[in-house]
Structures are given as C-alpha cells and as structure tokens.
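Heads up: the sequence shown is residues 317 to 531, going by this note's numbering.
Ideal placement from N, C-alpha and C gives every residue a C-beta, glycine not left out.
Let me begin by presenting the structure, written as structure tokens, before commenting on it.
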Amino acid sequence: MTMLDPHAAQPILRAGTPLDRAAGALILLHGRGGSAEDILSLGEAIADDRFALLAPQAAGHMWYPNSFLAPRRQNEPYLSSALRKVEAALALAKGAGILTDRIAIVGFSQGACLATEFVGRHPQRYAALLAYTGGLIGPLDEPITLTGSLDGTPVLFSSGDPDPHVPWQRVQQSADLFAKIGAQVFVERHPGRPHTILATEVRQGKELLSAVPTL
C-alpha cells in the first residue's frame with residue numbers, strides 16, 4: 317500500500333484558527349526538501365484569524381521524484397498520491413463545514429506545481445490559488461487543456477525569471493489556461509529573483525486573501 321500511495325500515511329499539520337471555529341481554510345503545500353512545518357510559517361504570514369491552516373507532509377520531503385516537466389508516468393505513483401493528499405486536506409476542511417469557496421490552496425515550488433495541477437484538474441470556485449513559482453505539470457512540448465470552470469476564483473502566479481526549476485514559459489501558459497476556464501488571474505514576474513518568496517509576494521498574497529468576498 318505504501319508503494320502504491322506513498323503519501324497516504326503522512327500527517328496533515330494544523331495551525332491557525334481551529335477548523336470548527338474557522339470561516340475559511342488554507343491548504344499549504346511545501347516544496348521539494350521542505351516540510352509542512354516550513355510552509356505553515358507562510359500561512360501564518362498571509363492568513364488572518366478567519367483561517368484554519370492545513371499543511372500536508374510529503375513522504376521523503378518531496379511530492380514526486382522528477383521535474384514537474386517530466387512525462388507524468390515518470391513521477392508515478394507519487395504524483396497521483398500527492399493529488400490524493402491534497403484531496404484529503406480539502407475533505408478535512410469540508411468535513412468541518414467549510415465550503416470549497418472558502419478554501420484557498422497555496423504552494424511554493426514543487427508544492428506550487430502540485431497546487432496548480434490540483435486546482436486545474438478539479439475546477440470549481442475556491443477562495444484562491446496562490447502559486448509561488450509553479451505551473452501545470454507536464455512536458456513543455458505536450459499540449460495541455462483544461463475543462464470546467466473556476467467561476468472567478470482569484471489565482472496568483474508569482475515567479476522569478478529566470479528560475480532554475482520553473483521556466484517562465486510554463487508560468488505564463490498556466491496563467492493563460494486558467495484565465496480561459498474562468499479564473500481571475502494575477503501574474504507577477506520578478507526578473508532575477510532567487511528561488512524563494514519575496515516579502516512583496518507575501519504582501520500580495522495577504523492582500524488577495526483579505527479581499528476574498530466569500531469570507
């Protein structure tokens with residue numbers, strides 16, 4: 317079972333307002349080599365006290381072993397397991413009575429790619445998607461199509477250019493595809509930015525979450 321679903325037994329850490337008292341929730345996805353504890357600090361910086369924070373932990377501190385631009389089969393079964401882990405965190409929030417349109421999904425680097433892939437493949441109205449250095453998963457030379465509707469979900473794509481792991485081409489392509497399925501897209505390109513999250517990006521994420529009308 318562990319080999320088929322490597323992330324299944326990993327914990328989902330909690331912080332912020334308890335789920336049973338929260339108006340909304342943030343699902344926070346860490347990058348390769350990071351941890352749930354690390355990404356919770358981002359959640360604490362961008363969320364106010366209306367939000368519960370949920371941070372799943374990846375097995376071996378990585379959601380999938382190869383580049384997000386590799387053929388998908390090369391990242392299995394980790395990628396499918398990672399998507400199920402995001403679904404488990406979403407179900408945890410919904411089980412506490414928090415509607416999907418009050419749930420935001422946030423990720424950095426590998427976690428941002430996972431967050432983008434999950435929202436793009438499970439389109440509905442979310443509180444927000446914040447993708448810090450990430451984009452849809454799959455090779456650059458293969459066409460990507462998305463269907464369904466995000467129904468006005470605010471989506472932030474913020475990345476450095478150039479970035480050693482995430483080419484700007486994929487960031488912009490992802491933003492364009494999300495706009496086509498009804499997202500309210502914000503794109504921020506930071507020339508020469510290192511592979512990190514800048515204070516200005518934290519402020520923008522905080523502003524975007526504070527403006528979500530469903531809360």
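Put residue i into one of helix, strand or coil per three-state DSSP.
| i | result |
| --- | --- |
| Glu-504 | strand |
| Ala-499 | coil |
| Arg-330 | strand |
| Ala-515 | helix |
| Val-482 | coil |
| Phe-384 | coil |
| Gly-476 | strand |
| Gly-411 | helix |
| Ile-421 | strand |
| Met-317 | Only weak support exists for where Met-317 lies, its pLDDT of 46 falling under 50; the value from the coordinates is given anyway. Correct three-state label for Met-317: coil. |
| Tyr-442 | coil |
| Pro-529 | coil |
| Leu-345 | strand |
| Ala-339 | coil |
| Leu-369 | strand |
| Ala-431 | helix |
| Ala-375 | helix |
Grab me the residues of residue i's own chain with a C-beta within less than 8 Å of its C-beta, minus the 5 sequence neighbours each way, in chain order.
| i | result |
| --- | --- |
| Leu-524 | Ala-444, Leu-446, Pro-470, Leu-472, Phe-502 |
| Ile-362 | Leu-342, Val-422, Leu-446, Val-518, Gly-521, Lys-522, Leu-525 |
| Leu-399 | Leu-430, Glu-433, Phe-434, Arg-437 |
| Ser-351 | Gln-373, His-377 |
| Ala-495 | Val-501 |
Among residues of its own chain, excluding the 5 on either side of residue i, which ones have a beta-carbon nearer than 6 Å to its beta-carbon?
| i | result |
| --- | --- |
| Arg-441 | Asp-417, Asp-467, Thr-469 |
| Leu-493 | Leu-462 |
| Ala-405 | Ile-328, Ile-343, Leu-370, Pro-372 |
| Gly-427 | Leu-345, His-346, Gly-347 |
| Gly-476 | His-506, Arg-509 |
| Phe-384 | Cys-429, Ile-453 |
Excluding the 5 residues flanking residue i on each side, which residues of the same chain have their C-beta closer than 7 Å to its C-beta?
| i | result |
| --- | --- |
| Leu-320 | Pro-393 |
Pop quiz: residue i and residue j are said to be a contact at Cβ under 8 Å. What is the actual Cβ separation, rounded to whole angstroms?
| i | j | result |
| --- | --- | --- |
| Ile-513 | Leu-358 | 7 Å |
(message) Can you confirm whether the stretch 397 to 411 touches the stretch 450 to 459 when touching is taken to mean that 3 or more C-beta pairs between the two stretches lie within less than 8 Å?
(response) no
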